[in-house]
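Colleague: For the record, the sequence lines run as chains C and Z. Numbering-wise (the working numbering), the first sequence opens with residue 17 and increments by one. Numbering-wise (the working numbering), the second sequence opens with residue 167 and increments by one. Using N, Cα and C, we set each Cβ at its ideal position, and we do this for glycine too.
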Amino acid sequence: MANTMAVRPDDKVLQRKRISPWNDALYRLIRSTNARVGIGIVIFLVLTAVVAIVFWPYNPRIDSDLPNRLKPPSWANQPATIFGTDDQGRDVFRRVVHGAPISLQVGLVSVSFALVIGSVLGLIAGFVGGRTDNILMRLMDIMLAFPSILLAIGIVAARGPGLNNTILAISIVNIPVYARIARSTTLSIKEQDYITAATCIGASNSRLIFRHVLPNSLSPIIVQGTLSIATAILEAAGLGFLGLGAQPPTPEWGAMLADGYKYLTIGAWWVLLFPGVAIMLTVLGFNLLGDGLRDALDPRMRGTGRM
Amino acid sequence: MIRYTIRRLLAVLPTLLGVTIIVFLFIHLIPGDPATAMLRENAPAELADRIREQLGLNKPWFVNLGEVNCPQQDPQAKTTTGGVFMTYHNCDKFGGFAALRYWQPRLDRPFDSQYLLYASRLLRGDLGQSLVTKNPLMDDLKLKFPATLELSLMAMLVAVGIGVPAGIISAVKQNTPIDTASMFISLAGVSMPIYWLGMMAMMVFAVWLHWLPAGTRLGNDIEIHRITNLYILDSLLTGNGKALGDSFKHIILPALVLGTVPMSILARMTRAATLETLNQDYIRTAKAKGLAQRVVILRHALSNALLPVVTVIGLQVGGLMGGAVLTETIFSWPGIGRWVFESIQFRDYPVIQNVILVIALIFVIVNLIVDLSYAVIDPRIRYA
Numbered sequence: 017m018a019n020t021m022a023v024r025p026d027d028k029v030l031q032r033k034r035i036s037p038w039n040d041a042l043y044r045l046i047r048s049t050n051a052r053v054g055i056g057i058v059i060f061l062v063l064t065a066v067v068a069i070v071f072w073p074y075n076p077r078i079d080s081d082l083p084n085r086l087k088p089p090s091w092a093n094q095p096a097t098i099f100g101t102d103d104q105g106r107d108v109f110r111r112v113v114h115g116a117p118i119s120l121q122v123g124l125v126s127v128s129f130a131l132v133i134g135s136v137l138g139l140i141a142g143f144v145g146g147r148t149d150n151i152l153m154r155l156m157d158i159m160l161a162f163p164s165i166l167l168a169i170g171i172v173a174a175r176g177p178g179l180n181n182t183i184l185a186i187s188i189v190n191i192p193v194y195a196r197i198a199r200s201t202t203l204s205i206k207e208q209d210y211i212t213a214a215t216c217i218g219a220s221n222s223r224l225i226f227r228h229v230l231p232n233s234l235s236p237i238i239v240q241g242t243l244s245i246a247t248a249i250l251e252a253a254g255l256g257f258l259g260l261g262a263q264p265p266t267p268e269w270g271a272m273l274a275d276g277y278k279y280l281t282i283g284a285w286w287v288l289l290f291p292g293v294a295i296m297l298t299v300l301g302f303n304l305l306g307d308g309l310r311d312a313l314d315p316r317m318r319g320t321g322r323m
Numbered sequence: 167m168i169r170y171t172i173r174r175l176l177a178v179l180p181t182l183l184g185v186t187i188i189v190f191l192f193i194h195l196i197p198g199d200p201a202t203a204m205l206r207e208n209a210p211a212e213l214a215d216r217i218r219e220q221l222g223l224n225k226p227w228f229v230n231l232g233e234v235n236c237p238q239q240d241p242q243a244k245t246t247t248g249g250v251f252m253t254y255h256n257c258d259k260f261g262g263f264a265a266l267r268y269w270q271p272r273l274d275r276p277f278d279s280q281y282l283l284y285a286s287r288l289l290r291g292d293l294g295q296s297l298v299t300k301n302p303l304m305d306d307l308k309l310k311f312p313a314t315l316e317l318s319l320m321a322m323l324v325a326v327g328i329g330v331p332a333g334i335i336s337a338v339k340q341n342t343p344i345d346t347a348s349m350f351i352s353l354a355g356v357s358m359p360i361y362w363l364g365m366m367a368m369m370v371f372a373v374w375l376h377w378l379p380a381g382t383r384l385g386n387d388i389e390i391h392r393i394t395n396l397y398i399l400d401s402l403l404t405g406n407g408k409a410l411g412d413s414f415k416h417i418i419l420p421a422l423v424l425g426t427v428p429m430s431i432l433a434r435m436t437r438a439a440t441l442e443t444l445n446q447d448y449i450r451t452a453k454a455k456g457l458a459q460r461v462v463i464l465r466h467a468l469s470n471a472l473l474p475v476v477t478v479i480g481l482q483v484g485g486l487m488g489g490a491v492l493t494e495t496i497f498s499w500p501g502i503g504r505w506v507f508e509s510i511q512f513r514d515y516p517v518i519q520n521v522i523l524v525i526a527l528i529f530v531i532v533n534l535i536v537d538l539s540y541a542v543i544d545p546r547i548r549y550a
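#1: What residues of chain C sit near SER336/Z, judged by a beta carbon separation below 8 angstroms?
#2: Can a CB atom of chain Z be found closer than 8 angstroms to the CB of TRP286/C?
#3: Give a yes or no on whether 8 angstroms exceeds the smallest Cβ distance from ALA122/Z to chain C.
#4: For THR9/C and chain Z, any beta-carbon pair shorter than 8 angstroms?
#5: Is there at least one Cβ from chain C nearer than 8 angstroms to LEU538/Z's Cβ?
#6: Can a CB atom of chain A be found closer than 8 angstroms to the CB of MET358/Z?
#7: Taking VAL478/Z as the reference, give the member of SER430/Z, LEU221/Z, ARG290/Z, MET365/Z with the closest Cα.
#8: With the cut-off set at 8 angstroms, would you say GLY256/C and GLY276/C are in Cβ contact?
#9: Comparing C-alpha positions only, which one of PRO210/Z, ILE463/Z, LEU396/Z sits nearest to PRO331/Z?
#10: Considering only the alpha carbon of each residue, which of THR493/Z, VAL229/Z, THR253/Z, PRO271/Z lies closest to PHE277/Z?
#11: For chain C, find out if any of its Cβ atoms is closer than 8 angstroms to the Cβ of THR477/Z; answer yes or no.
#12: At the level of alpha carbons, what is the spacing between PRO271/Z and GLN280/Z?
#13: Do GLY485/Z and ARG321/Z come within 8 angstroms of each other at the CB atom, strictly closer than that value?
#14: Which of the three DSSP states, helix, strand or coil, is assigned to THR247/Z?
#15: So within the stretch 211-240 of chain Z, which uninterrupted beta strand (DSSP E) runs reach at least 3 residues, ignoring any that extend past its ends?
#16: Need the endpoints of the alpha helix (DSSP H) that THR101/C sits in, please.
#17: Does any C-beta atom of chain Z lie closer than 8 angstroms to the C-beta of PRO163/C?
#18: Quick check on the burial criterion: 16 or more other C-beta atoms within 10 angstroms. Buried or exposed for ASP40/C?
#19: Which residues in the same chain have their Cβ closer than 6 angstroms to the Cβ of ALA246/C, if we skip the five residues on either side of it in sequence?
#20: Does any residue of chain Z bring its CB to less than 8 angstroms from the CB of TYR210/C?
#21: Roughly how many angstroms lie between the CA atoms of TYR210/C and ARG223/C, to the nearest whole one?
#22: Taking only beta-carbon atoms, is GLY176/C less than 8 angstroms away from chain Z?
#23: Would you kindly work out how many angstroms separate the C-alpha atoms of ALA248/C and ILE193/Z, rounded to a whole number?
#24: Of all the residues that make up the stretch 172-200 of chain Z, which are near chain C by a beta-carbon distance shorter than 7 angstroms?
#25: State the Cα-Cα distance for the pair ILE496/Z and ILE417/Z, rounded to the nearest angstrom.
#26: Between VAL299/C and chain Z, is the shortest Cβ-Cβ distance under 8 angstroms, so that the two count as touching?
#27: Pull up the distance between the alpha-carbon of LEU288/Z and that of VAL483/Z, whole angstroms please.
#28: Smallest Cα separation from PRO312/Z: which of ASP400/Z, LEU273/Z, GLU389/Z, VAL326/Z?
#29: Would you identify the three-state DSSP class for TYR268/Z, choosing helix, strand or coil?
#30: How big is the Cα-Cα spacing for LEU309/Z and LEU396/Z?
#31: Touching or not, the stretch 523-532 of chain Z and the stretch 445-460 of chain Z, by the rule of three or more beta carbon pairs under 8 angstroms?
#32: By Cβ distance, which residues of its chain are closer than 7 angstroms to SER135/C, with the 5 residues on each side in sequence left out?
#33: Can you tell me where the beta strand (DSSP E) holding TYR254/Z begins and where it ends?
#34: By Cβ distance below 7 angstroms, which residues in the same chain neighbour ARG52/C in space, the five residues on each side in sequence not counted?
#35: What did DSSP end up calling MET17/C once you bin it into helix, strand or coil?
#36: Could you spell out where the alpha helix (DSSP H) holding GLU251/C opens and where it closes?
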């Protein structure tokens, strides 16, 4: 008689399909229009970069065609220069395309550096607490007292212009952001019951950190990482524009804008328009993707993806 | 309130100290010998010595724990350089532990250090002098800072004047075309390189349409009596209508460009904050009482929604100052941002160093003011 109320394993009515949190987030990400546009732009950029490197090699050092300098966009030229030519007769379209791998590289490398170093510092500060926490976070606060682009300008101005120093500077100015995020999530996770439980069964500190704290604090860090790729690309282009980033003739978008600035008064709009649009699209793509990820990874929204 | 103010003021002191230390270390980021890096290739050696003397580069960075005399190195090189804790004679300051063999402790003057020299000068209001023009930086700063201040204030006016109303309207009309459009514009605003926007605006309004001047603060033929160096204020004070009109025409484009990013951020923040407030129970109560929509929004919702916006406005000041470097560069605006740009070209390190310091100090002070004003508006913070 007691068996009649028991749920049999094949009783489908009472079972709900289990979705892992990551799949659920992915599902919600794909459902959002903004995120889809962002993913589209980012994929397009990566493809452009790959195609540029693999199939369309370019050596900026030997690229110049002075008789054809500052020609407006046209299909009629041989070969067609749909974005026009710059002050040395170089095809702007080709240079804009070859700017994509540079900007992606700057964004990804600088953010990875900042993310790893910042998160480790934040984890340590949050996990150890006490004086270590105080000293580390005070230091981060002080770095945040500088407007980030200005601190980056200062570092590159001192170390000397160039792409590597740009990446270094942007990494450094981004470290405090990750340290703060990692610390605050670590602090809130540390108070959870499952951490107490893990401590009780004798988990070591490193197991606590790598098995419990780190995976659970990943999502805000991922969101911030995506958004900072956008700002990193923007800042790198700004440094390039000021003459501190990639040096000519590297086809870096900011440096191309600085070149074009000289020809603004004679109305050579094409040298300015296209690199700028490229920067904006790239940054927009990562911003949209970051916003989408934030909504998708927000635990309060969990389960709303399936309706 | 007084206790909160004092506590907050005291909390700023370590930050100020840290900011000066980081800016001080800037000189030591320069690879190799900073003194020779500041000079042209074949400058006489005495000049390098003078710079070393002026910046105290021969002293240790923070605390003087003694001297290191290396006998075996090149007898020609007599330059004395400062390490972190020791003064080095005749040898590389990063000679490592080997140099410790020649270490002679000297603890009688431990605080005779580069940082102390720098800090004591700062306290006296002496920012040093430019390597290029030899002008005291304080004098140049007094001349150039008002230009940046005027531009930033106008940009902030643009940002708050357009961004906050746009955010409120978007929130009230959530998910309508107005909301979508203004959120798209604000997303584009944060994604755009502002110097690019400035150049495109200059191209359209100055080069093609000739409506507005392309850069600088004032036309060459306009006379102005300078009192505060804020041209709009000065022309108002002296009743100079012509200068007022002209300086206003000159500031429109740069202010719009510089204001774009904070405007976009403010619009997004205001929208989010207003939406959150509109979902609160007391708003439902107010609506249920039969109050007009306008009253509910203006009196009940906004006063609470705008609290976080005040903080965001304060945080944008840092961004404005950073953006000023780029905006002033393209508009030939003679402020401190363009000064930084020019100093980079001439490797005028003291200028870069100290303008960054000034901007960081302004940022810290503005945030302090925001925190204090926040406590005035919101009593919960005062007693926390």
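Modeller: In this structure, then:
#1: One-based indexing of the second sequence puts residue 336/Z at position 170. Result: empty, since nearest Cβ-Cβ is about 15 angstroms, beyond 8 angstroms.
#2: Taking the first residue of the first sequence as position 1, residue 286/C is located at position 270. Judged by the 8 angstroms Cβ criterion, TRP286/C is not in contact with chain Z.
#3: No statement about residue 122/Z is possible, as the shown extent of chain Z runs from 167 to 550 and does not include it.
#4: Summary: the structure shown does not reach residue 9/C, with chain C confined to residues 17 through 323, and so no result is reported for it.
#5: Against the second sequence, residue 538/Z aligns to sequence position 372. By this cut-off, LEU538/Z is not an interface position.
#6: Of the chains in the structure shown, none is chain A; the protein chains are C and Z.
#7: As a working mapping, residue 478/Z is identified with position 312 in the second sequence. Of SER430/Z, LEU221/Z, ARG290/Z, MET365/Z, the residue nearest in Cα terms is SER430/Z.
#8: To locate residue 256/C, count along the first sequence from 1; it is residue 240. To locate residue 276/C, count along the first sequence from 1; it is residue 260. The Cβ-Cβ distance between GLY256/C and GLY276/C does not fall below 8 angstroms.
#9: One-based indexing of the second sequence puts residue 331/Z at position 165. Of the candidates PRO210/Z, ILE463/Z, LEU396/Z, the one whose C-alpha sits nearest the C-alpha of PRO331/Z is ILE463/Z.
#10: Within the second sequence, residue 277/Z is the residue found at index 111, counting from 1. It is VAL229/Z.
#11: Here residue 477/Z refers to the residue found at position 311 when the second sequence is read from its first residue. It does not: the Cβ of THR477/Z has no partner Cβ on chain C nearer than 8 angstroms.
#12: Taking the first residue of the second sequence as position 1, residue 271/Z is located at position 105. Taking the first residue of the second sequence as position 1, residue 280/Z is located at position 114. Distance between the alpha carbons of PRO271/Z and GLN280/Z: 18 angstroms.
#13: Along the second sequence, one-based indexing puts residue 321/Z at 155. Along the second sequence, one-based indexing puts residue 485/Z at 319. Going by the sequence as given, residue 321/Z is Ala instead of Arg. Between ALA321/Z and GLY485/Z, the C-beta gap is not smaller than 8 angstroms, which leaves the two residues out of contact.
#14: Here residue 247/Z corresponds to residue number 81 of the second sequence, with the count starting at 1. Three-state result, THR247/Z: strand.
#15: 232-235
#16: For the purposes of this step, residue 101/C is taken as the residue at position 85 of the first sequence. Neither: THR101/C is in no alpha helix (DSSP H) and is coded neither H nor E.
#17: For this step, residue 163/C is matched to residue 147 along the first sequence. Yes, PRO163/C counts as interfacial toward chain Z.
#18: Indexing the first sequence from 1 puts residue 40/C at position 24. With 16 or more other Cβ atoms within 10 Å, it is buried.
#19: The residue given as residue 246/C occupies position 230 in the first sequence. Cβ within range, chain order: VAL299, PHE302, ASN303.
#20: On the first sequence, position 194 is the one that residue 210/C refers to. Chain Z contact via Cβ: absent.
#21: One-based indexing of the first sequence puts residue 210/C at position 194. One-based indexing of the first sequence puts residue 223/C at position 207. Straight-line measurement puts the Cα of ARG223/C at about 13 angstroms from the Cα of TYR210/C.
#22: Taking the first residue of the first sequence as 1, we reach residue 176/C at position 160. Yes, GLY176/C lies at the interface with chain Z (some Cβ there is under 8 angstroms from its Cβ).
#23: Mapped onto the first sequence, residue 248/C falls at position 232. Mapped onto the second sequence, residue 193/Z falls at position 27. Put simply, the backbone Cα of ALA248/C is about 25 angstroms away from that of ILE193/Z.
#24: Those residues of the stretch 172-200 of chain Z that come within reach of chain C (Cβ to Cβ, closer than 7 angstroms) are PRO180, THR181, GLY184, VAL185, ILE188, PHE192, LEU195, ILE196, PRO197.
#25: Here residue 496/Z is taken as the residue at index 330 of the second sequence, counted from 1. Here residue 417/Z is taken as the residue at index 251 of the second sequence, counted from 1. Using only the alpha carbons, I get a separation of about 13 angstroms.
#26: Against the first sequence, residue 299/C aligns to sequence position 283. Yes, contact with chain Z.
#27: Locating residue 288/Z in the second sequence gives position 122, where the first residue counts as 1. Locating residue 483/Z in the second sequence gives position 317, where the first residue counts as 1. Cα to Cα, the separation comes out at about 23 angstroms.
#28: Against the second sequence, residue 312/Z aligns to sequence position 146. Nearest of ASP400/Z, LEU273/Z, GLU389/Z, VAL326/Z to PRO312/Z, Cα basis: ASP400/Z.
#29: On the second sequence, position 102 is the one that residue 268/Z refers to. The answer is helix: DSSP assigns TYR268/Z an H, G or I state.
#30: Mapped onto the second sequence, residue 309/Z falls at position 143. Mapped onto the second sequence, residue 396/Z falls at position 230. Their backbone Cα atoms lie some 10 angstroms apart in a straight line.
#31: Counting Cβ pairs under 8 angstroms, fewer than three are found: no touch.
#32: Along the first sequence, read from residue 1 onward, the residue named residue 135/C stands at position 119. For SER135/C, where only same-chain residues beyond five positions count, the Cβ hits under 7 angstroms are TYR194, ALA198, ILE237.
#33: Against the second sequence, residue 254/Z aligns to sequence position 88. Taken as a continuous stretch (DSSP letters only), the beta strand (DSSP E) holding TYR254/Z covers 253-255.
#34: Here residue 52/C refers to the residue found at position 36 when the first sequence is read from its first residue. Once the five neighbours on either side are set aside, the close Cβ partners of ARG52/C are ILE46.
#35: Position 1 of the first sequence holds residue 17/C. Because the pLDDT of MET17/C is 44, which lies under 50, any placement of that residue in the model is unreliable, and the number read from its coordinates should be weighed accordingly. Reduced to three states, the DSSP call for MET17/C is coil.
#36: Here the question's residue 251/C lines up with position 235 in the first sequence. Residues 230-257.
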